[in-house]
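The next block holds one structure in the form of structure tokens; read it before the comments.
Numbering (full-length UniProt numbering), first residue to last: 1 to 242.
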């Protein structure tokens, strides 16, 4: 009888352990976003959280970002290391500028290697948030896609291919506006598309078919027709094999 009780006790303990790993709740997705203004303009992390809410997935997040910051700048300050070392994050999503030029590609590659090692040590998954070039340098879009996808693939990180999704969206509707007034930062449609790609890549849920978009914070800024384009573009980008 005592032995049976012991087995039951151990089963309960192990069951509880499975539900919480390093402070992570199973029913909550914990994400650390690291980047610059391409992350905090229109609050892309908040849009990712909202997509989760519309999908009945709870998301907690923290954002560490600064204007014109590169990934090495964050490492130099040390805050990102402190956060990752807590072990509470399921995913760390990182981005910097377009990184299209050869020297910038090399910088991104080296930075991703450092973040990958840090994430591996503290049992979290690394995801690379692919961005886009200045509107005046759209000829660099393929180089941005190459740079981020190569860095992500080389270091076995998830690739949140927002830049590719922008390209696909334009192939569907060449008149679609994704840039804001300054020709670099995204408008709400551009940020939403990035958030959809990030959310879909991390969760594996990207049909976006049952969204209650009438209640979404961005519903008045994105038409039904545009939403169809964003859904298709995000789906194709997420399913691309790099």
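C-beta atoms are modelled at their ideal positions from N, C-alpha and C, and glycine is treated no differently. Nothing here was measured: the structure is a model prediction, and the numbers come from that model.
Worksheet entry | Status (buried if at least 16 other CB within 10 Å, exposed otherwise) for residue 229 | buried
Discussion item. Less than 7 Å between C-beta atoms, sequence neighbours within five positions excluded: which residues of the same chain meet that for residue 235?
Written reply: 206
Worksheet entry | Contact set for residue 240: own chain, Cβ-Cβ below 7 Å, skip 5 residues either direction | 161, 164
Item to complete: Using the Cα positions of residue 129 and residue 61, report the straight-line distance between them to the nearest angstrom.
Response: 15 Å
Discussion item. In this structure, how does DSSP classify residue 164 when only helix, strand and coil are distinguished?
Written reply: helix
Worksheet item: Do three or more CB pairs link the stretch 84-101 to the stretch 30-44 at distances below 8 Å?
Response: yes
Worksheet item: Hey, how far is the Cα of residue 107 from the Cα of residue 47?
Response: 28 Å
Discussion item. Can you find the residues in the same chain that come closer than 6 Å, C-beta to C-beta, to residue 201, ignoring five residues on each side of it along the sequence?
Written reply: 158, 160, 238
Item to complete: Would you be able to state if there are at least three C-beta pairs under 8 Å between the stretch 139-158 and the stretch 99-114?
Response: yes
Worksheet item: Where residue 169 and residue 54 are concerned, what is the direct C-alpha to C-alpha distance, given to the nearest angstrom?
Response: 23 Å
Fill in: As assigned by DSSP and simplified to three states, the class of residue 30
strand
Discussion item. With H, G and I counted as helix, E and B as strand and the rest as coil, what does DSSP make of residue 150?
Written reply: helix
Worksheet entry | For residue 125, the first and last residue of its enclosing beta strand (DSSP E) | 125-129
Discussion item. Using the three-state DSSP reduction, which class does residue 186 fall into: helix, strand or coil?
Written reply: strand
Item to complete: Would you mind stating whether residue 134 and residue 183 have Cβ atoms separated by less than 8 Å?
Response: yes
Discussion item. Going by DSSP, what residue range makes up the alpha helix (DSSP H) through residue 238?
Written reply: 224-239
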